[in-house]
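Enquirer: Could you have a look at this structure, given as structure tokens, before my questions?
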Amino acid sequence: MGGTDHLRAALDIFTRLHTRVATGQVSTPCGDKDIELTMGRLLQVMGGKENLRAALDIFIQMRTRAAGQVHTPCDDRDIELAWADIFSSWGARTT
Numbered sequence: 002m003g004g005t006d007h008l009r010a011a012l013d014i015f016t017r018l019h020t021r022v023a024t025g026q027v028s029t030p031c032g033d034k035d036i037e038l039t040m041g042r043l044l045q046v047m048g049g050k051e052n053l054r055a056a057l058d059i060f061i062q063m064r065t066r067a068a069g070q071v072h073t074p075c076d077d078r079d080i081e082l083a084w085a086d087i088f089s090s091w092g093a094r095t096t
């Protein structure tokens, strides 16, 4: 069931959903925590520097929005766990 084609299909689905919630803006945070976390985690699973960078960007935006300022921990456990996990992914899968 897995494989690159299925991961890309899943990313297409999440991208369409994200865009719909963000009122048509592809690169704009949509404000839906579940969609953004899931999309970031999918990008992590897909691996590669570009996907990991995109996931990190998603988590940075979420964390900043939740904390109210850049480079500050927030009180949202899910966001902080995703934030920590992206760094382990970055070290483990950069190809």
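Counting from 2, one number per residue, gives the positions in the sequence shown under the working numbering.
Just so you know, even glycine gets a beta-carbon here, dropped at the ideal spot from N, CA and C.
Remember, it's a predicted structure, so these values are computed and weren't measured experimentally.
Taking buried to mean at least 16 other C-beta atoms within 10 Å of its own C-beta, is Thr95 buried or exposed?
Expert: Its pLDDT being 42, under 50, Thr95 is placed unreliably in this model, and the value from its coordinates should be taken loosely. By the neighbour-count rule (16 or more Cβ atoms within 10 Å), Thr95 is not buried but exposed.
Enquirer: Helix, strand or coil: how does DSSP classify Gly49 here?
Expert: Gly49: coil per DSSP, three-state reduction.
Enquirer: Assuming Gly48 and Ile59 are in contact, meaning their beta carbons sit under 8 Å apart, how far apart are those beta carbons, in whole angstroms?
Expert: That belief does not hold up - the Cβ atoms of Gly48 and Ile59 are roughly 15 Å apart, past 8 Å.
Enquirer: Assuming Ile87 contacts Arg64 (C-beta within less than 8 Å), just tell me the rounded distance between them.
Expert: The pair is not a contact, with the Cβ atoms about 10 Å apart (cut-off 8 Å).
Enquirer: Output the distance between the C-alpha atoms of Ala11 and Leu53, rounded to the nearest integer angstrom.
Expert: Straight-line Cα distance between these residues: approximately 16 Å.
Enquirer: Kindly indicate which three-state DSSP category Gly41 falls into: helix, strand or coil?
Expert: Gly41 falls in the helix class under three-state DSSP.
Enquirer: With burial defined as no fewer than 16 other Cβ atoms inside 10 Å of the residue's Cβ, what is the status of Ile36: buried or exposed?
Expert: So Ile36 counts as buried.
Enquirer: Exposed or buried, which one is Gln45 when buried takes at least 16 other CB atoms within 10 Å?
Expert: Classification of Gln45: buried, given that the 10 Å Cβ count is 16 or more.
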